[in-house]
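Here the structure comes first, spelled out in C-alpha cells, and everything after it is commentary.
There are 2 protein chains.
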Amino acid sequence: MRKVEICFSPELIHLHSLQGKIVVVVDIFRATSTMVAALANGISEIRTFADLEDCRAMKEQGFLIAGERNGLTAPGFEMGNSPVAYLNGDYEGRKLAMTTTNGTLAISKSSEADEILIGAFPNLGATIEYLQKKDQDVLIHCAGWKGMFNLEDSLYAGALVKSLEATHEASEDGALAMKALFEKEGHDLKGFLSQASHAKRLQNHNIESDIDFCLTLDLYSIIGKVEKEVLIAIEPH
Amino acid sequence: MRKVEICFSPELIHLHSLQGKIVVVVDIFRATSTMVAALANGISEIRTFADLEDCRAMKEQGFLIAGERNGLTAPGFEMGNSPVAYLNGDYEGRKLAMTTTNGTLAISKSSEADEILIGAFPNLGATIEYLQKKDQDVLIHCAGWKGMFNLEDSLYAGALVKSLEATHEASEDGALAMKALFEKEGHDLKGFLSQASHAKRLQNHNIESDIDFCLTLDLYSIIGKVEKEVLIAIEPH
Chain A
1 MRKVEICFSP
11 ELIHLHSLQG
21 KIVVVVDIFR
31 ATSTMVAALA
41 NGISEIRTFA
51 DLEDCRAMKE
61 QGFLIAGERN
71 GLTAPGFEMG
81 NSPVAYLNGD
91 YEGRKLAMTT
101 TNGTLAISKS
111 SEADEILIGA
121 FPNLGATIEY
131 LQKKDQDVLI
141 HCAGWKGMFN
151 LEDSLYAGAL
161 VKSLEATHEA
171 SEDGALAMKA
181 LFEKEGHDLK
191 GFLSQASHAK
201 RLQNHNIESD
211 IDFCLTLDLY
221 SIIGKVEKEV
231 LIAIEPH
Chain B
1 MRKVEICFSP
11 ELIHLHSLQG
21 KIVVVVDIFR
31 ATSTMVAALA
41 NGISEIRTFA
51 DLEDCRAMKE
61 QGFLIAGERN
71 GLTAPGFEMG
81 NSPVAYLNGD
91 YEGRKLAMTT
101 TNGTLAISKS
111 SEADEILIGA
121 FPNLGATIEY
131 LQKKDQDVLI
141 HCAGWKGMFN
151 LEDSLYAGAL
161 VKSLEATHEA
171 SEDGALAMKA
181 LFEKEGHDLK
191 GFLSQASHAK
201 RLQNHNIESD
211 IDFCLTLDLY
221 SIIGKVEKEV
231 LIAIEPH
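Chains as they are written, first to last, in the numbering used here: chain A, 1 to 237; chain B, 1 to 237.
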C-alpha cells in the first residue's frame, strides 16, 4: 500500500523526505484556492513571488498581476487574492503573476519532490483521482500561517487522507490525527472553521464569499501542477 | 478569559511567545509520565540530561541514574525509562538523573516561561486544578518525536484544552483542533493511540504495562514543576 503523510508547516519540512513522492501544497485561505480558481477559469500559467515588487515587475511581460497587503489589493495591482474574482471575467490564455507569503514558501521548499501539486477543496475529487492513479507516496505540505499549524490547511489534509484510505496508508501521526478530525468535523467545515484564527481574520475583511468558495467541494476537474516553477492545469486522466 | 495554546514541536517553539505564561511540557511516551511516576513515588528531585554520559556521571553524586537506548536500560544504568519501575520500589528521598532526548529539549527550550510544569495523564486533574488557580495564560509544549507532531502528546494537549475550557480560551488553531480530536477520541485513548507511530514502537518492545500506565488518568495529586532546572513535586493547592 502507498503511504500518505502530512507536514503541518514549511518550518518542519526538513524533517520529511520528499524524494520519490508527490507533494500536495495547500494554503486554503486563500492562495491555493485562488490558483485553482484562476486555472479553472482560463489562466494558462501562474508564477508565484514572495516579493511584491518582483511580482509587480511581471506586468511588463504581459502578466496579469495579483497582490494584496493587509486585506486590500496592493497599489498598482490588477487583482487581489480573491478566488471569486476569477469566476466572472475573461481570463482565457492570460498569464498570472501572484504574490503570496506562506504559499510561495511551501512551494519553494517542496522542490525535491517528484511532483508538486496545488491542493484546494474546489478540486479535491480531481486531485484524489490523480493521486490514486499514480504509484507514488503522497506528502501533504500545509503552508500554515507564519510557520504555525493552521486549521483549514490541516482539515484539507485530513480530507485528502480520508479520501485516499483505500489506496494510501496514513503513515505518521499527523495523518492519523487529521483524518480523525475530518471524520468528526468534515460535515460542517464552515461551522468548524469559523472558530479558526485565519477565518476570523478574513471575516474582518468582509470576504464571506471567498470563504464559501474556498470550502466548496469539487467545482472543477482540473489538477494544479507545478512544472519548472510554473503552475499549470492538467487533467486527472 | 485566560488563553491556552499548543506548540506541537520544539522546532516550532520560537514562533510562540513564552513570557508571562505557564508552559506545560509533555512527552507522554514516556519521559514526562516517568517523571510524574517517580516524583509521586518518593523521588525528591529530577535532573534531565540530553547526553547519556553526562547522566551517568551523576551517579558519583549519589543520584539514581535512568537511561535507555534502543528500548533497553543503558549499560551501567540502574533504571530504564519505564514509569512502572517506580511503583514498587523504595525511592523515598532519592535524587534521580534521567537522560531523555525529546523531553529534555522541550524543557530547555521553555526556559523563558514564567513557570514550567511537566504534563502526564496520571496527574492531569491536579495540573488542571493548579492552572485554574493561576492568573497566567498556558502554553502546552509537546516534545513530539524527533521534531515531528506526535499523537499522544497532542491528545494530552487536547485533553488539557478541553478541561480548561471554562477558564481558558483556545487561542489558536492547534488548540481548537486538538480539543475537537480529544472530544472524538478521548473515550478510548488506548484504542486510538494503538495506531500511533510511537505506540507501535513501544509495543515492539513489549512494554504494554508502560502504555497502560501512561494513559491512566488521575492516579496522583502532585504537580511536576521545574525550579531552576530541577524538577520537583508540588501540591496543587
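Where is the CB? At the ideal position from N, CA and C, for every residue including glycine.
Residue(s) in a DSSP beta bridge with residue i
i, result
"residue 79(B)", "66(B)"
"residue 7(B)", "141(B)"
"residue 227(A)", "230(A)"
"residue 96(B)", "46(B), 64(B)"
"residue 13(A)", "Answer is none; residue 13(A) lacks a bridge partner."
"residue 168(A)", "2(A)"
"residue 207(B)", "None; residue 207(B) has no bridge partner."
"residue 119(A)", "26(A)"
"residue 148(B)", "145(B)"
"residue 73(B)", "68(B)"
C-alpha distance - residue i paired with residue j, whole-angstrom precision
i, j, result
"residue 179(B)", "residue 219(B)", "22 angstroms"
"residue 160(A)", "residue 175(A)", "9 angstroms"
"residue 77(A)", "residue 158(A)", "35 angstroms"
"residue 241(B)", "residue 94(B)", "In the structure as shown, chain B begins at 1 and stops at 237. Residue 241(B) is therefore absent and cannot be evaluated."
"residue 134(B)", "residue 59(A)", "56 angstroms"
"residue 3(A)", "residue 232(A)", "25 angstroms"
"residue 96(A)", "residue 125(A)", "25 angstroms"
"residue 53(A)", "residue 182(B)", "45 angstroms"
"residue 221(A)", "residue 171(B)", "37 angstroms"
"residue 92(B)", "residue 173(B)", "42 angstroms"
"residue 168(B)", "residue 226(A)", "42 angstroms"
"residue 16(B)", "residue 155(A)", "22 angstroms"
"residue 43(A)", "residue 199(B)", "47 angstroms"
"residue 46(A)", "residue 18(A)", "23 angstroms"
"residue 230(B)", "residue 207(B)", "28 angstroms"
"residue 39(B)", "residue 64(B)", "13 angstroms"
"residue 177(A)", "residue 57(A)", "42 angstroms"
"residue 192(A)", "residue 194(B)", "27 angstroms"
"residue 113(A)", "residue 234(A)", "18 angstroms"
"residue 81(B)", "residue 98(B)", "8 angstroms"
"residue 41(B)", "residue 90(B)", "8 angstroms"
"residue 123(B)", "residue 165(A)", "36 angstroms"
Where residue i meets chain A, residues with beta-carbon distance less than 7 angstroms
i, result
"residue 19(B)", "Within 7 angstroms Cβ-Cβ: nothing; residue 19(B) doesn't reach chain A, min ~18 angstroms."
Same chain, Cβ closer than 6 angstroms to residue i, neighbours up to 5 away in sequence not counted
i, result
"residue 215(B)", "121, 189, 190"
"residue 163(B)", "128"
"residue 24(A)", "117, 119, 140"
"residue 111(A)", "none"
"residue 132(B)", "167"
Contacts that residue i makes with chain B (C-beta to C-beta distance below 7 angstroms)
i, result
"residue 196(A)", "173, 176"
"residue 185(A)", "180"
Where residue i meets chain A, residues with beta-carbon distance less than 9 angstroms
i, result
"residue 15(B)", "9, 11, 146, 147, 148"
Where residue i meets chain A, residues with beta-carbon distance less than 8 angstroms
i, result
"residue 110(B)", "In chain order: nothing, as chain A lies at least about 17 angstroms away."
"residue 154(B)", "173, 177"
Nonlocal neighbours in the same chain, by C-beta distance under 7 angstroms from residue i, ignoring five residues either side
i, result
"residue 104(A)", "48, 49, 50"
"residue 85(A)", "79"
"residue 109(A)", "10, 13"
"residue 83(A)", "30, 33, 34, 37, 210, 213, 214"
"residue 74(A)", "52, 67, 68"
"residue 130(A)", "223, 236"
Residues near residue i in its chain [Cβ-Cβ closer than 8 angstroms; skip 5 each side]
i, result
"residue 147(B)", "9, 10, 11"
"residue 102(B)", "10, 27, 31, 143, 144, 145, 146"
"residue 137(B)", "2, 3, 4, 5, 20, 21, 22, 168, 171"
"residue 186(A)", "155, 158, 159, 162"
"residue 196(A)", "150, 151, 152"
Quiz item: According to a CB-to-CB cut-off of less than 8 angstroms, which residues of the stretch 139 to 151 of chain B neighbour chain A?
Solution: 145, 146, 147, 148, 149, 150, 151
Quiz item: Which of the residues in the stretch 162 to 180 of chain A, read from start to end, lie with their CB under 9 angstroms from any CB of chain B?
Solution: 170, 171, 172, 173, 174, 176, 177, 178, 180
Quiz item: Using a beta-carbon distance cut-off of less than 7 angstroms, what residues from the stretch 1 to 13 of chain B approach chain A?
Solution: 8, 9, 11, 12
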